[in-house]
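K.L.:
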Amino acid sequence: MTVLYLNMVTQRAVEEGEAMESGKTTQKYFDVCSLVEMNADDLKALGINQNTNVKVTSECGEVIVKAIIARQTCPPGLCHIRQGVWANQVVPPRTQSTGEPQYSGFPVSIEPAPEARIVPAVELIQKACNKWNGQLLWPM
Amino acid sequence: MKEVIKHVACPYCGACCDDLEITVEDDKIIEVKNACIIGTEIYHHASREGRVGSPRRRQPDGTYKDITYDEAIDFTAKMLIKAKKPLIYGFGSTNCEGMAAAGRVAEDAGAVLDNCASICHGSSFLAIFDTGYPSCTLGEVKNRADVVIYWGSNPAHAHPRHMSRYGIFPRGYFTGKGARGRKVIVVDPRYTDTARCADHFLQVAQGHDYDLFDAFRMVMHGYAADLPDVVAGIPKEKILEVCDVIKAGRYVHIFFGMGLCHSDGRNHNVDIAINLVRDINEFTKCTIMAMRGHYNIAGPGIVWAWQFGFPYCIDLTKGSHAHMNPGETSSVDLANRGEIDAFINIGTDAGAHFPIRSFEKIGGAGIPMVTIDPSVNMAATVSDVHIPVAIVGVETGGICYRMDNVPIQYRAVIKPFNGILTDEELFDKIYERMQELKMAGIESDGSWEYAAPLADVRPVKEAYE
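Sequence lines, in order, name chains A and B. Each residue of the first sequence is one higher than the last, beginning at 2 in the working numbering. Each residue of the second sequence is one higher than the last, beginning at 25 in the working numbering.
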């Protein structure tokens, strides 16, 4: 299986902002935030088409998201997950003693995971906090 | 009957657009004019079905049961008294009145008081403490600036009307030609939608902003000949060209954003940006401003600096004096080390916006947790109690500070949904209940379940090897 090593940034997008104000439990938020934006050449190097699920792994975690060609162009070697629940599954909590985690500029590996399921936001949070009871109380 | 309310200020980003026109009928919001797509969504969300109309308590099976405000206030007050180091974090989306009321509660409870700047422009504060803040108001940018630099910020997405109201397009007193009279420089590792509006786009290598600032400073100090051929991915010729544009400007303004604060270097990136401003002032007038995220995230910096002497990361647990030391008293670091034993998440969403490895040490540590927010957010889905409050700028007014620290009077356009309380009313009631409980003899006796020992955070060095 091809694995690509990239530099990751996580920042705001207007689509994310709008969906966040609609509600983080909504389908809209799920659709616009569970994405990784990449350069077309990097997608090619992974041997996948747009809208294929991939596994993103960092030094502190992993997350399944859908790979797309970046709408705001990323140069080859750089990828972007919109800030929010999915991005923060892989953001390292180290702060360089400033209180601010490493939201931008951390190494990740990306590999195709076409069959893997993208987990909804509430399930990700509740599982991490040992409070998942097996059902989404806020249907999307 | 339809009513159009004019000059309404928007509760989304730090640009605080105060020219909105909201059409209201039967206490429902019908139409929103002049707002960006995100601001519009906030107003419509307020009138949508499915709002939470009452405080709720999490049950052992994970479901939620409605409780009264009195019960929710009692739970919160008791939690704050009993905890030894509670953390009250958030405040990006509330008014200054709510922040002041929360400050009083935090002082009485001996809590750590922190706001979203802690994970946003906190490192800008550190740089400003060290270097100063040669800033201005957004009005001055609009009326005077003919060279505008957006460095590591993407207002097209994060502050959608910033470019049209202040930065690039407006016609001001000395800038009558609007966009045609301004030179716009954008520095970003990605070719963002903001970069599309730029006359000069510098695609800096991610994490190398400091190098590029250094190159600019060398040119300003007269050492252009010593520059390497390429700095941070930018050719020397391009750097010299942009420096000429800056020197030729009558008034240069730099807006900087999360690209500096979230990358390696943090406060040092901002520090050198401010030093560059000082250098540019040898040639022409230059100012700098942080692109603050939330509409009132400048507010706690003002209110708490007045109350306690510090803008964020305020440790009040000592009881005798306030103490601020980011890295030690900052929310994410406190969470990483498992130092807190109770958590209030207000007007923000630590669940969605903290790294999960930090948040799981709050949400999964078995400590009591209260979320105060109008909507169901991620923190609310793992909190013991969720208390809904009125949305500032929609259901209640108040003072909010714009990104240039100018106070804006916000106003309510509809009544609070289901008669829910405002943040200020809620914190005042929590304070009153704390006094009653203390009179009744309840004290910090360690009877809460304290944070369990933590799994280690993997050392950075090991992770890279």
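Note that beta-carbon positions come from the ideal geometry of N, C-alpha and C, so glycine has one too.
Tell me whether the region 202–216 of chain B and the region 164–176 of chain B touch, counting them as touching only if at least three CB pairs, one residue from each stretch, are closer than 8 Å.
P.N.:
These segments touch.
K.L.:
I need the DSSP call for I454/B, collapsed to helix, strand or coil.
P.N.:
Three-state DSSP puts I454/B in a helix.
K.L.:
Please name the residue in G191/B, V48/B, C267/B and V394/B whose C-alpha comes closest to that of D428/B.
P.N.:
The shortest Cα separation from D428/B among G191/B, V48/B, C267/B and V394/B belongs to G191/B.
K.L.:
With respect to 7 Å, is the separation between the Cβ of I326/B and the closest non-hydrogen atom of the ligand PLP below this value?
P.N.:
As far as ligands go, the structure on display features none, and thus does not contain the ligand PLP.
K.L.:
Give me the Cβ distance between Q230/B and P213/B, rounded to the nearest whole Å; I'm assuming they're in contact under 8 Å.
P.N.:
With 8 Å as the limit, Q230/B and P213/B qualify as a contact, their Cβ atoms being about 4 Å apart.
K.L.:
Taking Cβ positions, are G325/B and A346/B nearer each other than 8 Å?
P.N.:
No, these two residues do not count as a Cβ contact at 8 Å.
K.L.:
With DSSP collapsed to three states, give me the class of F307/B.
P.N.:
In the structure shown, F307/B sits in coil (DSSP, three-state: anything other than H, G, I, E or B).
K.L.:
Sort N305/B, I312/B, G289/B and C37/B by Cα distance to A180/B and report the nearest one.
P.N.:
Comparing Cα positions, the closest option is C37/B.
K.L.:
Just the chain B side, please: which residues come within less than 7 Å of V86/A by C-beta, in chain order?
P.N.:
In chain order: A376 and M402.
K.L.:
Against chain B, with Cβ distances strictly below 8 Å, would V57/A count as a contact?
P.N.:
No, its Cβ sits nowhere closer than 8 Å to a Cβ of chain B.
K.L.:
Of the choices F198/B, V327/B, D217/B and G273/B, whose alpha-carbon is the least far from that of V430/B?
P.N.:
If we check each option's Cα against that of V430/B, V327/B comes out closest.
K.L.:
DSSP three-state label for M393/B, please.
P.N.:
Looking at M393/B - three-state DSSP - the assignment turns out to be strand.
K.L.:
Would you kindly work out how many angstroms separate the C-alpha atoms of T395/B and D447/B, rounded to a whole number?
P.N.:
Approximately 12 Å, taken between the alpha carbons.
K.L.:
Using the three-state DSSP reduction, which class does V28/B fall into: helix, strand or coil?
P.N.:
Reduced to three states, the DSSP call for V28/B is strand.
K.L.:
When Cβ atoms are compared, which residues of the region 69–103 of chain B fall closer than 7 Å to chain A?
P.N.:
Going along the region 69–103 of chain B in chain order, one finds H69, D85, G86 and T87 with a Cβ nearer than 7 Å to chain A.
K.L.:
Between the alpha carbons of Q84/A and A71/A, how many angstroms are there, rounded?
P.N.:
If you take the alpha carbons of Q84/A and A71/A, they lie about 14 Å apart.
K.L.:
Any idea what DSSP makes of S177/B, helix, strand or coil?
P.N.:
Looking at S177/B - three-state DSSP - the assignment turns out to be coil, as it is neither helix nor strand.
K.L.:
Thinking L47/A and I126/A are a contact (beta carbons under 8 Å), I'd like their distance in whole angstroms, please.
P.N.:
The pair is not a contact, with the Cβ atoms about 28 Å apart (cut-off 8 Å).
K.L.:
According to DSSP, is L340/B helix, strand or coil?
P.N.:
The answer is coil: DSSP assigns L340/B none of H, G, I, E or B.
K.L.:
Taking the Cβ atom as the reference point for each residue, do I391/B and F367/B lie within a distance shorter than 8 Å?
P.N.:
Cβ distance < 8 Å, so I391/B and F367/B count as in contact.
K.L.:
Taking only beta-carbon atoms, is I380/B less than 8 Å away from chain A?
P.N.:
Cβ-Cβ to chain A under 8 Å: yes for I380/B.
K.L.:
Using DSSP's beta-bridge definition, name the partner residues of A129/A.
P.N.:
Bridge partners of A129/A: none, in fact.
K.L.:
Short of 7 Å Cβ to Cβ, which residues in the region 140–152 of chain B face chain A?
P.N.:
Cβ contacts with chain A: S142, I143, G146, S147 and L150.
K.L.:
Since A14/A meets chain B, which of its residues come closer than 7 Å, beta carbon to beta carbon?
P.N.:
Result: H181.
K.L.:
Give the interface partners of C285/B over in chain A, defined as CB-CB distance under 7 Å, in chain order.
P.N.:
In chain order: E101.
K.L.:
In chain order, which continuous runs of the alpha helix (DSSP H) of length 4 or greater are located wholly inside the region 52–88 of chain A?
P.N.:
Whole alpha helix (DSSP H) segments, 4+ residues: zero.
K.L.:
Run the CB neighbour count on P94/A, radius 10 Å, all protein chains shown included, and call it buried at 16 or more, exposed below.
P.N.:
Looking at its Cβ environment, which holds 16 or more other Cβ atoms inside 10 Å, P94/A is buried.
K.L.:
Select from R274/B, V243/B, Y275/B and V136/B the residue whose C-alpha is nearest the C-alpha of K262/B.
P.N.:
Measuring from the Cα of K262/B, the nearest candidate turns out to be V243/B.
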